[in-house]
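Reviewing the structure listed below.
2 protein chains.
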Amino acid sequence: MSDIIKVVVDAMGGDNAPEAPIKGAVDAVNENEKINVVLVGRTDDIKSELAKYTYDKERITIVHAEDIIGFDEPPVMAIRKKKQSSIVVGMNLVKHGEADAFVSAGSTGAILVGGQFVVGRIKGVERSPLAPLIPTAKGPALLIDCGANVDARASHLVQFAKMGSIYMERIVGIKNPRVAIVNIGAEEEKGNMLVKETYPLLKECKDINFVGSIEARDIPKGDADVIVCEAFVGNVILKLYEGLAATLLGKVKEGLMSSLRSKIGALLIKPALKSTLKQFDTSDQGGAPLLGLNGLVVKAHGSSTSVEITQAIRQCIQFNEEKINEKIKENLIIE
Amino acid sequence: MSDIIKVVVDAMGGDNAPEAPIKGAVDAVNENEKINVVLVGRTDDIKSELAKYTYDKERITIVHAEDIIGFDEPPVMAIRKKKQSSIVVGMNLVKHGEADAFVSAGSTGAILVGGQFVVGRIKGVERSPLAPLIPTAKGPALLIDCGANVDARASHLVQFAKMGSIYMERIVGIKNPRVAIVNIGAEEEKGNMLVKETYPLLKECKDINFVGSIEARDIPKGDADVIVCEAFVGNVILKLYEGLAATLLGKVKEGLMSSLRSKIGALLIKPALKSTLKQFDTSDQGGAPLLGLNGLVVKAHGSSTSVEITQAIRQCIQFNEEKINEKIKENLIIE
Numbered sequence: 001m002s003d004i005i006k007v008v009v010d011a012m013g014g015d016n017a018p019e020a021p022i023k024g025a026v027d028a029v030n031e032n033e034k035i036n037v038v039l040v041g042r043t044d045d046i047k048s049e050l051a052k053y054t055y056d057k058e059r060i061t062i063v064h065a066e067d068i069i070g071f072d073e074p075p076v077m078a079i080r081k082k083k084q085s086s087i088v089v090g091m092n093l094v095k096h097g098e099a100d101a102f103v104s105a106g107s108t109g110a111i112l113v114g115g116q117f118v119v120g121r122i123k124g125v126e127r128s129p130l131a132p133l134i135p136t137a138k139g140p141a142l143l144i145d146c147g148a149n150v151d152a153r154a155s156h157l158v159q160f161a162k163m164g165s166i167y168m169e170r171i172v173g174i175k176n177p178r179v180a181i182v183n184i185g186a187e188e189e190k191g192n193m194l195v196k197e198t199y200p201l202l203k204e205c206k207d208i209n210f211v212g213s214i215e216a217r218d219i220p221k222g223d224a225d226v227i228v229c230e231a232f233v234g235n236v237i238l239k240l241y242e243g244l245a246a247t248l249l250g251k252v253k254e255g256l257m258s259s260l261r262s263k264i265g266a267l268l269i270k271p272a273l274k275s276t277l278k279q280f281d282t283s284d285q286g287g288a289p290l291l292g293l294n295g296l297v298v299k300a301h302g303s304s305t306s307v308e309i310t311q312a313i314r315q316c317i318q319f320n321e322e323k324i325n326e327k328i329k330e331n332l333i334i335e
Numbered sequence: 001m002s003d004i005i006k007v008v009v010d011a012m013g014g015d016n017a018p019e020a021p022i023k024g025a026v027d028a029v030n031e032n033e034k035i036n037v038v039l040v041g042r043t044d045d046i047k048s049e050l051a052k053y054t055y056d057k058e059r060i061t062i063v064h065a066e067d068i069i070g071f072d073e074p075p076v077m078a079i080r081k082k083k084q085s086s087i088v089v090g091m092n093l094v095k096h097g098e099a100d101a102f103v104s105a106g107s108t109g110a111i112l113v114g115g116q117f118v119v120g121r122i123k124g125v126e127r128s129p130l131a132p133l134i135p136t137a138k139g140p141a142l143l144i145d146c147g148a149n150v151d152a153r154a155s156h157l158v159q160f161a162k163m164g165s166i167y168m169e170r171i172v173g174i175k176n177p178r179v180a181i182v183n184i185g186a187e188e189e190k191g192n193m194l195v196k197e198t199y200p201l202l203k204e205c206k207d208i209n210f211v212g213s214i215e216a217r218d219i220p221k222g223d224a225d226v227i228v229c230e231a232f233v234g235n236v237i238l239k240l241y242e243g244l245a246a247t248l249l250g251k252v253k254e255g256l257m258s259s260l261r262s263k264i265g266a267l268l269i270k271p272a273l274k275s276t277l278k279q280f281d282t283s284d285q286g287g288a289p290l291l292g293l294n295g296l297v298v299k300a301h302g303s304s305t306s307v308e309i310t311q312a313i314r315q316c317i318q319f320n321e322e323k324i325n326e327k328i329k330e331n332l333i334i335e
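Structure follows, in C-alpha cells:
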C-alpha cells in the first residue's frame, strides 16, 4: 500500500472543469496502478461526470466542496473566506496527511496563496516558488520563480536554485543540471542590486552546478537547465514565451495562407512542421510544481485538457518516489 | 542652412566598422539633402574607406579620434579614461552644439554612460532611457527603458511614459499612443512594489493615454504603443524577443528541411513567408534613441549593416524637425 500515491484533483478548477479534470483523473488511474485519486468539488457534478467512464470504484473517491474560487477573485481573501472551496478543502487533505499531492488548473493566485498558508512551507524554506518547465532548443528548462513572490531577496533566490536543481536532477533526469541566474549581461559585475547580491552567493554553493549569468536571449537556446530569477521577471519570461510563440506562429500561418502557391506548399510541410514545433509546446509538461511545501502542489495551466491533467497527476508519482521533499529538507538544513 | 541637420557618425563602432558606418553615412547624404555627416574615428581608415564612394565632399567631414572603446570594456571607466575615443569625441561635438545628433553601433554600455555624462541630461530629466522599437502584430511599439538604469524609481517610470509618448506620436506617427506598464496581471492591485507605486501616478497623468497594465503575453499582440518598464525587465523582454524569434524560426527551418516532401513545400512557401516575417524584423528600425539628453543619441545594433546605419541617421531628421527635446522640456516642466 505504501507505494501508492494519493493525488487530490480539483474537479472544479480550470476553463474545462469539471470535464477535463475528471476525465484526466480517470485516465491516470486506468493507466497507472500506483495512483489513487480523490476528486474534490461538488459531489453531484462529479458523480454525473464520473458515470460516463469505466474505472475501479475503490481508486477514485469524492470529497465534497461546495464553493469554487474564480479566476478573478483576490487570492488572499478567497483562501481566507472560502473554506469550503475545492482548493482549500483539497489542500487541507494534503496538509493533514490524508493525501500526498494536490493538482489544480484553477486560479494561480489562489493556489499560490493556499500552498503557503494552507499546506504550509517546509521548515527552513523561506519562500515557495512556482517552477514551470519551458521548452528550449535542447529540451525543457526549469524557470524558477514564476509565482507571486515579488520583491524577493538574495537568500530566496539561492534556495530556488537548490530546489530547482534537485527537481531537474530527480524528476526531469538531467544529471548535474546547469544553474544560471537571469541577468542583463554575462559579466559578474552586471545586473540590478538583487542579482549582484545573489551572484556571489550562488558561486559559493557547492551543491549546485552554477554556470553564471544567462541573458534572456540565450534562454531559448537551452544554455541552462535551471533558470533562476525573481517572480516578476520569471512571469514576464513565461508569458512572453507564450505570447511571442503564438504571435510568430500566427504570422507563419498567415504567410502560408496568403497565396495559392503558398497554400500548396503549406500542405506539403504540415507534418514536418508539426513535429518540430511539438518540441516547443509548453502544454506537454502537464503542470508546474510549487516547490518547498509540506506536500506536493501542482498548478496545471488554466486551459488544461484532460491529457494535461493526466500528465500533471503522473508527475506526482516521481515526486513522491524520488522523495524530493526529503532531499530539499536535507539540502536546506545543511547550510 | 538652419534646416540641415548635422549628424555625427561613429566610424569605429559596431561589428562591421568602419565599412558599414561609412557606407551608411555616404548613402544617407546622397539620398537626403537635409543631412550632413561628421565621421569620427581614425582619419586614415576613414579616408581610405571614403575613397570608394562618390558624394558631395563638403557634406561629409572627418573629426579625428585615435581610440576605440571595445564591447567588453567596463563602460564607466572607458568613458572616463578614453577621452580620445570615437564615442567621447563624437558626443562632445553634440554637447558643444557643433552637431545635432550622434549615431553609433558601438558598445551599448559606453553609449549609455557617455550619453548621461558627456552629452548630459535635459534639466528636469532624472534618467535617460534607451527606447528601442519592437515589432508587434499591429506594428512597432516603443519599449522604454532597456538601458542601464537598473533599480529605477516610480518617478523615473512616469518620465519614461511621457517621453515615450511624445516619441511615438511625433516620430512614429501614432496618434494618442496607448501607454501601458508591464505587469504580472491586468489588475491595478497586482505587481511588485515599483509597479504598484507607479500605476496610480500614471493614471493621474493627463498628458498621456494610459491604458493600464500589460502582461508580457500581450506585448507581441500589439496591445500597447508605449510599453513602460524598468531597464532590467525591458532588457529581458528585448533579448527574449530576439532569442525566441531566432530559435523558433530555426525550428521552423529545421522542420522544412527534414524531408523531401517538406523541402518542396518550403520552396513554394518561401516568398510568402519572407514577406510576413519581414514585419517582425527588428533590424528595420535602425536604432534606439537615448531620450532626454541635450542632443540626440541613437544606439544602432552592434551588428548593423550600412542600411541600418542609414536608417538610424535618417530618423535624426525627424527628431530635429519635430523638436522632440523642446516637447520633452515643456512636458516635464509643467509637472
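Protein chains in written order, with UniProt numbering: chain A, 1 to 335; chain B, 1 to 335.
Note that the Cβ used here is the ideal one computed from N, Cα and C, for glycine as well.
Q) Taking 8 Å as the CB-CB limit, is glycine 13/A close to chain B? A) If you number the first sequence from 1, residue 13/A lands on position 13. False, the Cβ-Cβ gap to chain B never drops below 8 Å.
Q | Pair within 8 Å by beta-carbon distance, serine 104/A and leucine 290/A | A | Here residue 104/A corresponds to residue number 104 of the first sequence, with the count starting at 1. Here residue 290/A corresponds to residue number 290 of the first sequence, with the count starting at 1. For serine 104/A and leucine 290/A, no; Cβs fall outside 8 Å.
Q: State buried or exposed for phenylalanine 280/B, treating a residue as buried only when at least 16 other CB atoms are found within 10 Å of its CB.
A: Here residue 280/B is taken as the residue at index 280 of the second sequence, counted from 1. Result: buried.
Q: Please work out which residues of its chain come closer than 7 Å, Cβ to Cβ, to glutamate 197/A, disregarding the five sequence neighbours upstream and downstream, and give them in chain order.
A: As a working note, residue 197/A is residue 197 in the first sequence. Excluding positions up to five away in sequence, the list reads Ala154.
Q: With 8 Å as the threshold, decide whether the Cβ of proline 21/A is near any Cβ in chain B.
A: As a first step, residue 21/A is located in the first sequence; it is residue number 21 there, counting from the start. Cβ-Cβ to chain B under 8 Å: no for proline 21/A.
Q) Under 8 Å between C-beta atoms, does glutamate 254/B make it to chain A? A) Position 254 of the second sequence holds residue 254/B. Yes, contact with chain A.
Q.
Just to confirm before moving on: does the CB-CB distance between lysine 329/B and isoleucine 166/B stay below 8 Å?
A. In the second sequence, residue 329/B corresponds to position 329, counting from 1. In the second sequence, residue 166/B corresponds to position 166, counting from 1. Contact annotation: lysine 329/B and isoleucine 166/B have beta-carbon atoms that are not nearer than 8 Å.
Q. From which residue to which residue does the alpha helix (DSSP H) around proline 289/A run?
A. Indexing the first sequence from 1 puts residue 289/A at position 289. Counting along the chain, proline 289/A falls outside any alpha helix (DSSP H), though it belongs to the beta strand (DSSP E) covering 287-290.
Q) So, do the segment 89-109 of chain A and the segment 32-46 of chain A have three or more beta carbon pairs nearer to each other than 8 Å? A) yes
Q | Members of the segment 148-171 of chain A near chain B, C-beta cut-off 9 Å | A | So the list reads Ala148, Val150 and Asp151, given in the order they occur along the chain.
(Q) Please report whether the beta-carbon of isoleucine 219/B lies at a distance below 8 Å from any beta-carbon of chain A. (A) Sequence index remark: in the second sequence, residue 219/B carries index 219 (1-based). Output row for isoleucine 219/B: interface = yes.
Q. Is glycine 106/B near glycine 14/B, with beta carbons less than 8 Å apart?
A. Here residue 106/B is taken as the residue at index 106 of the second sequence, counted from 1. Here residue 14/B is taken as the residue at index 14 of the second sequence, counted from 1. Yes, the Cβ-Cβ distance between glycine 106/B and glycine 14/B is below 8 Å.
(Q) As a quick exercise: from Gln311/B, Lys278/B, Glu322/B and Ser306/B, pick the residue whose alpha carbon is nearest that of threonine 136/B. (A) Translated into the one-based positions of the second sequence, residue 136/B becomes position 136. Considering only alpha carbons, the answer is Lys278/B.
Q: Verify whether the separation of the beta carbon atoms of leucine 256/B and serine 262/B is less than 8 Å.
A: For the purposes of this step, residue 256/B is taken as residue 256 along the second sequence, with counting starting at 1. For the purposes of this step, residue 262/B is taken as residue 262 along the second sequence, with counting starting at 1. Yes, Cβ-Cβ distance for leucine 256/B and serine 262/B is below 8 Å.
Q) Using a Cβ-Cβ cut-off of 7 Å (strictly less than) and excluding sequence neighbours within five positions of isoleucine 69/B, which residues of its own chain qualify? A) Residue numbering aside, residue 69/B sits at position 69 when the second sequence is read from its first letter. The residues are Ala78, Lys82, Ser85, Ile87, Gly106, Ser107 and Ala110.
Q: Go through its chain and collect everything with a Cβ distance to isoleucine 334/B's Cβ below 6 Å, but skip five positions before and after it.
A: The residue given as residue 334/B occupies position 334 in the second sequence. Residue placement at isoleucine 334/B cannot be trusted, given a pLDDT of 46 that sits under 50; what the coordinates show is reported in the next sentence. Excluding sequence neighbours, isoleucine 334/B sits near nothing in its chain.
Q) Do isoleucine 219/A and leucine 240/B have their CB atoms nearer than 8 Å? A) Position 219 of the first sequence holds residue 219/A. Position 240 of the second sequence holds residue 240/B. For isoleucine 219/A and leucine 240/B, yes; Cβs fall inside 8 Å.
**Q.** As assigned by DSSP and simplified to three states, the class of glutamate 19/B
**A.** Here residue 19/B refers to the residue found at position 19 when the second sequence is read from its first residue. DSSP places glutamate 19/B in helix when its eight states are reduced to three.
Q) Quick one: which chain A residues come within Cβ less than 9 Å of asparagine 192/B? A) Position 192 of the second sequence holds residue 192/B. Proximity of chain A to asparagine 192/B at the Cβ level (cut-off 9 Å) is accounted for by Val150, Asp151, Glu230, Ala231 and Phe232, in chain order.
Q. Beta carbon of arginine 314/A: closer than 7 Å to some heavy atom of the ligand FMN?
A. You won't find the ligand FMN in this model; it holds no ligand whatsoever.
Q) Taking contact to mean at least 3 C-beta pairs separated by less than 8 Å, is the segment 4-13 of chain B in contact with the segment 27-35 of chain B? A) Flag = yes, the segment 4-13 of chain B and the segment 27-35 of chain B touch.
Q. Hey, is glutamate 215/B's beta-carbon within less than 8 Å of any beta-carbon in chain A?
A. Stepping through the second sequence from its first residue, residue 215/B is reached at position 215. Glutamate 215/B counts as touching chain A.
Q. Tell me which same chain residues have a C-beta within less than 7 Å of the C-beta of serine 304/B, skipping the five on either side of it?
A. Stepping through the second sequence from its first residue, residue 304/B is reached at position 304. Correct list, in chain order: Gly14, Asn16, Ala20 and Ala105.
Q. Leucine 296/A and aspartate 100/A look like a contact to me (Cβ under 8 Å); what is the Cβ gap, rounded to whole Å?
A. Here the question's residue 296/A lines up with position 296 in the first sequence. Here the question's residue 100/A lines up with position 100 in the first sequence. Contact holds; Cβ gap of about 6 Å.
Q: Compute the distance between the beta-carbons of valine 211/B and alanine 231/B, then report whether it is under 8 Å.
A: Locating residue 211/B in the second sequence gives position 211, counting from the first residue. Locating residue 231/B in the second sequence gives position 231, counting from the first residue. Against a cut-off of 8 Å, the Cβ pair of alanine 231/B and valine 211/B comes out as no contact.
Q | Residue closest to asparagine 331/A, alpha-carbon to alpha-carbon, out of Glu73/A, His156/A, Val113/A and Asp207/A | A | Looking up residue 331/A in the first sequence gives position 331. Nearest Cα to asparagine 331/A within the set Glu73/A, His156/A, Val113/A and Asp207/A: Asp207/A.
Q. Closer than 8 Å, CB to CB, is valine 182/A near chain B or not?
A. Mapped onto the first sequence, residue 182/A falls at position 182. Yes, valine 182/A lies at the interface with chain B (some Cβ there is under 8 Å from its Cβ).
(Q) Can you pull the chain C neighbours of tyrosine 241/A, defined as C-beta to C-beta under 9 Å? (A) Reference to chain C is not applicable here, since the protein chains of this structure are A and B.
Q | Contact set for residue 382/A: own chain, Cβ-Cβ below 7 Å, skip 5 residues either direction | A | Nothing about residue 382/A can be read from this structure; chain A reaches only from 1 to 335.
Q) To the nearest angstrom, how far is it from the Cα of asparagine 235/B to the Cα of glycine 124/B? A) For the purposes of this step, residue 235/B is taken as the residue at position 235 of the second sequence. For the purposes of this step, residue 124/B is taken as the residue at position 124 of the second sequence. Answer to the nearest angstrom: the Cα atoms are 25 Å apart.
(Q) If contacts are defined as beta-carbon pairs under 8 Å, then valine 172/B and asparagine 209/B qualify, I think. What distance do you get, rounded to the angstrom? (A) Here residue 172/B is taken as the residue at index 172 of the second sequence, counted from 1. Here residue 209/B is taken as the residue at index 209 of the second sequence, counted from 1. Wrong, their Cβ atoms sit about 14 Å apart, outside the cutoff.
Q) Going by C-alpha distance, which of Arg80/A, Val113/A and Val118/A is nearest glycine 97/A? A) Taking the first residue of the first sequence as position 1, residue 97/A is located at position 97. Cα-wise, what sits closest to glycine 97/A is Val118/A.
Q) Is alanine 137/B close to chain A, meaning its C-beta is less than 8 Å from at least one C-beta of that chain? A) Working through the second sequence from its first residue, we reach residue 137/B at position 137. Chain A contact via Cβ: present.
Q) Is it the case that the Cβ atoms of valine 226/A and alanine 161/A are separated by a distance below 8 Å? A) Your numbering for residue 226/A matches position 226 in the first sequence. Your numbering for residue 161/A matches position 161 in the first sequence. Yes.
Q | leucine 273/A: contacting residues in chain B (beta-carbon distance under 8 Å) | A | For the purposes of this step, residue 273/A is identified with residue 273 of the first sequence, where counting begins at 1. Correct list: Val252, Gly255, Leu256 and Ser262.
Q.
Under DSSP, the alpha helix (DSSP H) around lysine 34/B begins and ends at which residues?
A. Sequence index remark: in the second sequence, residue 34/B carries index 34 (1-based). No alpha helix (DSSP H) holds lysine 34/B; DSSP gives it neither H nor E.
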